[in-house]
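Colleague: Note that my numbering has the sequence shown beginning at -4, numbered continuously upward.
Where a beta carbon is used, it is the ideal one built from N, C-alpha and C, also for glycine.
The structure displayed is predicted, hence computed values, not measured ones.
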Amino acid sequence: MKESKHQVILNTVQQLTENYTTHELLSLKQGMELPSRKEVVRLLGQLKQVLFPGYYGPESRMGTSPEHYAGYKLDQLYDGLCQQINLALLYQCGCECCGKVVNQQAEEICNQFFAQLPKLQELLLKDVQAGFDGDPAAKSREEIIFCYPGFYAIYIYRVAHELYRLDVPFIPRIMSEYAHGATGIDINPGATIGEYFFIDHGTGVVIGETAEIGNHVKIYQGVTLGALSTRGGQQLSGAKRHPTICDHVTIYSGASVLGGDTVIGSNSTIGGGTFLTESVPPNSRVLAKRPEQMIKSPTELSE
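1) Does DSSP put V275 in a helix, in a strand, or in coil?
2) Nearest to P286 by CA position, among P276, G268, S274, T272, is which residue?
3) Would you mind sorting V3 into buried or exposed? The rule is 16 or more other CB atoms within 10 Å of its CB.
4) Under three-state DSSP, which class holds V36?
5) According to DSSP, is V201 helix, strand or coil?
6) So for K235, helix, strand or coil by DSSP?
7) Let me check one thing: in DSSP terms, what residues is T264 bridge-paired to?
8) In this structure, does DSSP put L85 in helix, strand or coil?
9) Going by DSSP, what residues sit across from S251 in a beta bridge?
10) List the residues that DSSP assigns as beta-bridge partners of T187.
11) With 16 other CB atoms within 10 Å as the buried threshold, where does E157 fall?
12) Using the three-state DSSP reduction, which class does D181 fall into: helix, strand or coil?
13) Please state whether the Cβ-Cβ distance between G189 and G217 is less than 8 Å.
14) Is it buried or exposed for R280, if we count other Cβ within 10 angstroms and need 16 for buried?
15) I'd like to know whether the C-beta atoms of T187 and I214 end up nearer to each other than 8 Å.
16) Rounding to the nearest angstrom, what Cα-Cα distance links K24 and C88 in this structure?
17) Do A250 and I194 have their C-beta atoms closer together than 8 Å?
18) Whose C-alpha, out of L119, V258, G197, S(-1), is nearest the C-alpha of A206?
19) Based on DSSP bridge pairs, tell me the residues matched to V258.
20) Kindly indicate the opening and closing residues of the alpha helix (DSSP H) around A125.
21) Which partner residues does I194 have in the DSSP bridge list?
22) Is the beta carbon of Q116 less than 8 Å from the beta carbon of L46?
23) Nearest by alpha-carbon distance to Q99: which of E28, Q78, S22 is it?
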């Protein structure tokens, strides 16, 4: 006999309710609230207007008073970010009685984060220069800032990394996964990346949590800086799992460099489609063996 809509929903609700009571993860901690993904993304957009005023609509123009503009925007940003950090810390703590201590901790984190913004802006300007110097198709530095997905992903990474260093839960990963969805570039906020970093094209790039990248490094689409194996699961947490890329290295499209002990020496070039699980010395050139290619004319194809 066919079940009615009412009976199907009733049975489903009963089973879901059993799951709710059985599995702790399906019920948020009592009285706790997670940070808002929507608000975190909005704050990223607001911060971008402060660091690069004028690029993102009329409301982001400084006009005749840069001090007033920056102060007004940062005042709003501070309150919004502090609220989201407070939610993240309180949820991680899991105890409402820690509210006062968590509030103070959130304010201290915001103080340290905002103090780093001028330095972060300088880093991003160097990334813009790296993009302009490294891409003959770029018509201007403004084009890099306004249009390039690689730079957008780097911007979000650098913001998320500062919060990661300050041990903020949830929010750095919200930021990095937003960038991943928007650009196809997946940079874990825990990765360490030096100055003048450029990602050309970018789609499919993956940079793992413990990767270390030096200065003046350029990578292309489809590059993976990953772990050699993650079978150990949580036992590997905190261990160096991803490679180290030294200064002035270029890694071409589709290359995979894996393993925490793998070091790519400075001034090296890693060719497209290569697969590396061992270190290479400085000034090296690593190339994948090219497969044999056959090009047939229309006449040969018809024979």
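Modeller: Let's see:
1) The residue given as residue 275 occupies position 280 in the sequence shown. V275: strand per DSSP, three-state reduction.
2) Within the sequence shown, numbered from 1, the residue matching residue 286 stands at position 291. Looking at the Cα atoms, G268 is the closest of the given residues.
3) The sequence position of residue 3 within the sequence shown is 8, counting from 1. With fewer than 16 other Cβ atoms within 10 Å, it is exposed.
4) Residue 36 sits at position 41 when you count from the first residue of the sequence shown. In this structure, V36 counts as helix in the three-state DSSP scheme.
5) Indexing the sequence shown from 1 puts residue 201 at position 206. Residue state for V201 is assigned as strand, using DSSP reduced to three classes.
6) Looking up residue 235 in the sequence shown gives position 240. Coil at K235, not helix or strand.
7) For the purposes of this step, residue 264 is identified with residue 269 of the sequence shown, where counting begins at 1. Answer is T245, R280, bridged to T264.
8) As a first step, residue 85 is located in the sequence shown; it is residue number 90 there, counting from the start. L85 falls in the helix class under three-state DSSP.
9) Looking up residue 251 in the sequence shown gives position 256. DSSP output for S251 lists T219, F270 as bridge partner(s).
10) Stepping through the sequence shown from its first residue, residue 187 is reached at position 192. According to DSSP, which records beta bridges pairwise, T187 is partnered with E207.
11) As a working note, residue 157 is residue 162 in the sequence shown. Counting the other Cβ atoms within 10 Å of the Cβ of E157 gives 16 or more, which makes it buried.
12) Residue numbering aside, residue 181 sits at position 186 when the sequence shown is read from its first letter. Shown here, D181 sits in a strand according to DSSP, grouped into three states.
13) Mapped onto the sequence shown, residue 189 falls at position 194. Mapped onto the sequence shown, residue 217 falls at position 222. The Cβ-Cβ distance between G189 and G217 does not fall below 8 Å.
14) In the sequence shown, the residue the question calls residue 280 occupies position 285. Under this definition R280 is an exposed residue.
15) Within the sequence shown, residue 187 is the residue found at index 192, counting from 1. Within the sequence shown, residue 214 is the residue found at index 219, counting from 1. For T187 and I214, no; Cβs fall outside 8 Å.
16) As a working mapping, residue 24 is identified with position 29 in the sequence shown. As a working mapping, residue 88 is identified with position 93 in the sequence shown. If you draw a straight line from the Cα of K24 to the Cα of C88, it comes to about 10 Å.
17) Looking up residue 250 in the sequence shown gives position 255. Looking up residue 194 in the sequence shown gives position 199. 8 Å or more divides the Cβ of A250 from the Cβ of I194.
18) Within the sequence shown, numbered from 1, the residue matching residue 206 stands at position 211. Ranking L119, V258, G197, S(-1) by Cα distance to A206 puts V258 first.
19) For the purposes of this step, residue 258 is taken as the residue at position 263 of the sequence shown. T239, per the DSSP bridge assignment.
20) Within the sequence shown, numbered from 1, the residue matching residue 125 stands at position 130. First-last of the alpha helix (DSSP H) with A125: 112 to 129.
21) Walking along the sequence shown from the start, residue 194 turns up at place 199. When DSSP reads this structure, I194 sits in a beta bridge with I214.
22) As a working note, residue 116 is residue 121 in the sequence shown. As a working note, residue 46 is residue 51 in the sequence shown. Yes. Within cutoff.
23) If you number the sequence shown from 1, residue 99 lands on position 104. With distances taken between Cα atoms, Q99 lies closest to Q78.
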